[in-house]
Amino acid sequence: MPSVKIARKSTDSDMTPFVDIAFLILSFFILATKFKPPEKVTVTTPKSVSAAKLKEQDGLIVSFDSTGKVYLTVTILKEANRDMFSEVISSVNAAKSLGLTDAEKQAFIKQPIIGVPFAQLKSYLSGAKVPETGIPVDSTNNELAQWVASTNDVFRQHADRNLQPNYLIKGDNNASYPSFKGVIDAFRLNQVFRFQLITDPRSVPAGTELYKNPKKVDS
Numbered sequence: 017m018p019s020v021k022i023a024r025k026s027t028d029s030d031m032t033p034f035v036d037i038a039f040l041i042l043s044f045f046i047l048a049t050k051f052k053p054p055e056k057v058t059v060t061t062p063k064s065v066s067a068a069k070l071k072e073q074d075g076l077i078v079s080f081d082s083t084g085k086v087y088l089t090v091t092i093l094k095e096a097n098r099d100m101f102s103e104v105i106s107s108v109n110a111a112k113s114l115g116l117t118d119a120e121k122q123a124f125i126k127q128p129i130i131g132v133p134f135a136q137l138k139s140y141l142s143g144a145k146v147p148e149t150g151i152p153v154d155s156t157n158n159e160l161a162q163w164v165a166s167t168n169d170v171f172r173q174h175a176d177r178n179l180q181p182n183y184l185i186k187g188d189n190n191a192s193y194p195s196f197k198g199v200i201d202a203f204r205l206n207q208v209f210r211f212q213l214i215t216d217p218r219s220v221p222a223g224t225e226l227y228k229n230p231k232k233v234d235s
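Its first residue numbered 17, the sequence shown is counted upward by one per residue in my numbering.
Below, the structure written as structure tokens:
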């Protein structure tokens with residue numbers, strides 16, 4: 017009896033359409049992703065052990081490097097609330113009579129990171145090459161206090177948005193005490209007594225009370 021031969025079909029698949037789709041998806045994510053800009057201040061933070069992770073929040077981040085130079089960053093996360101950037105710089109401008117132009121205010125909105133005294137702020141925002149000597153925080157001229165006051169006022173005016181200004185300190189492990197004290201004084205002058213320290217987190221050692229009961233210890 018003659019045998020019947022079954023025709024063999026190729027199992028090869030053309031993957032070109034799948035590669036094209038994968039490339040399009042990858043391109044979309046690359047274009048849609050907002051990359052974090054490089055940090056202006058190099059800070060080596062102290063090490064710490066904690067079971068809780070610090071999340072990005074609305075408010076102020078005050079940083080000071082190993083030489084004691086103080087910088088501030090205004091953070092407002094939601095796009096719908098970004099009009100508050102303009103209100104913060106406008107409040108500072110009015111309080112200190114800086115005479116900032118709309119273009120200079122816009123420069124702050126684009127990159128709300130400041131590390132110069134008020135006397136140099138206008139030149140800095142206009143694009144001039146100004147040495148960033150830090151925001152003064154000494155006992156006779158604590159300019160950081162005005163930044164805190166203006167930020168507080170703007171958040172208070174928008175209480176209907178359910179926003180709370182959070183205050184974070186990112187200090188270098190080798191910085192001197194006067195810089196830290198000056199930052200605390202700026203907060204204290206504005207009745208800000210709650211703030212968070214940004215540190216270099218380390219994993220919780222196994223077997224410790226924090227390892228066994230992280231929620232209980234953090235509370």
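For every residue, glycine included, the Cβ atom is placed at its ideal position computed from N, Cα and C.
About 5 Å separates the beta carbon of S166 from that of V108, a gap short enough to meet the 8 Å contact definition.
The beta carbon of K112 sits closer than 7 Å to those of F134, Q162, all from its chain and outside the five residues before and after it, given in chain order.
Contact annotation: F124 and I151 have beta-carbon atoms that are not nearer than 8 Å. Going by beta carbons, K121 and S102 fall inside the 8 Å limit.
DSSP, reduced to helix, strand and coil, places T167 within a helical segment of the structure shown. Excluding five sequence positions before and after A202, the CB atoms of its chain that fall closer than 7 Å to its own CB belong to V153, N158, L160, A161, V164, given in chain order. The shortest C-alpha to C-alpha distance from F171 to any of Q127, R98, L116 is the one to R98.
The beta carbons of L76 and V86 sit no closer together than 8 Å.
In this structure Q73 is not in contact with N206, their Cβ atoms being roughly 18 Å apart against a cut-off of 8 Å.
In the DSSP assignment, V153 is bridged to N158. Leaving aside the five residues that flank G84 on each side, the residues in its chain whose CB is nearer than 6 Å to its CB run, in chain order, A191, S192, S195. Residue nearest to R210 within the set L184, K197, N189 is L184 (criterion: CA-CA distance).
By the neighbour-count criterion, in which a residue is buried when 16 or more other Cβ atoms sit within 10 angstroms of its Cβ, L213 is exposed. A Cβ-Cβ contact shorter than 8 Å links I130 with L88.
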